[in-house]
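Residue numbers for the sequence shown follow this note's numbering, so the first one is 59 and each next one is one higher. Idealized CB from N, CA, C, for every residue including glycine. Predicted model only: the values in this text are computed from it and were never measured. Below is one structure; the comments refer to it alone.
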Amino acid sequence: MEKLVYNNKWVTIKDKSIISLILHSYADEDKKKILNTTVHKPRIILDIINACKLPQTSSYRKINSLIKNGMLIPDGEVPRKYGKIVTKYVSLFENLDINIVKNDISIKAKFSEYAYHAIFRMMREKIVSIKKQNVSNSKSYQTVGTTRVSVPADSMIQFLLKEEIIKV
59 MEKLVYNNKW VTIKDKSIIS LILHSYADED KKKILNTTVH KPRIILDIIN
109 ACKLPQTSSY RKINSLIKNG MLIPDGEVPR KYGKIVTKYV SLFENLDINI
159 VKNDISIKAK FSEYAYHAIF RMMREKIVSI KKQNVSNSKS YQTVGTTRVS
209 VPADSMIQFL LKEEIIKV
């Protein structure tokens, strides 16, 4: 049985663990607000909390959970006061179509435009990082520092990589 089919920024997901992750994310009203707030515009965490009018403590926990699961994707950085740089996030999906036939559930999901580009930017940065590390190991070149994109093992991004929706 095919787990996932890719067609022009739409994916059909049949993997039960990923379906569960998506359904649990959208079943929680606060997480749903967070995801809907970040569909069309990347935002920093504080802006997300203010736009959703949610309590800070629980919002940070829920936002971090969505980031860890790959439902919120990093999409650039913004300089803030005192030279601090803060990451902007965008929702992975713009639209979901949930199909239930007897005990068989599948989700057809459309990537948000910002997330689609952010994912490929992350992958490009990962490739550049790996190339920099290879260069630093050679005798004639040495780099001072490299940045690596770390993606949690149970993240939606890892699933998309594993199913070869995103190819590195």
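| Query | Result |
| --- | --- |
| Where does Asp86 fall in DSSP's three states? | coil |
| Please check the pair Gly134 and Lys146, which I expect to be a contact at CB under 8 Å, by giving their CB distance rounded to whole angstroms. | 5 Å |
| Pairing CB atoms from the region 144-158 with CB atoms from the region 167-179, are three or more of them under 8 Å? | yes |
| Any idea what DSSP makes of Gly203, helix, strand or coil? | Because the pLDDT of Gly203 is 41, which lies under 50, any placement of that residue in the model is unreliable, and the number read from its coordinates should be weighed accordingly. Coil at Gly203, not helix or strand. |
| Is it true that the CB of Leu93 sits closer than 9 Å to the CB of Ser78? | no |
| Helix, strand or coil: how does DSSP classify Ser43 here? | Since the first residue shown for the chain is 59 and the last is 226, residue 43 is missing from the structure and cannot be characterised. |
| Which complete alpha helix (DSSP H) runs does the region 89-150 hold, if anything under 4 residues is left out? | 103-110 and 114-126 |
| Pull up the distance between the alpha-carbon of Leu154 and that of Arg101, whole angstroms please. | 21 Å |
| Given that a residue counts as buried once 16 or more other Cβ atoms are within 10 Å of its Cβ, and exposed if not, what is Lys120? | buried |
| Only counting the same chain, and skipping five residues up and downstream in sequence, which positions put a Cβ closer than 6 Å to that of Leu112? | Asp88 |
| Residue range of the beta strand (DSSP E) that Ser164 falls in? | Asp162 to Phe169 |
| When the distance is taken between beta carbons, is Ile71 closer than 9 Å to Ile165? | yes |
| Take Cys110 as the anchor and find which of Lys160, Lys90, Lys126 and Asp73 has the nearest alpha-carbon. | Lys90 |
| When you compare only the Cα positions, how much space is there between Ser123 and Phe178? | 22 Å |
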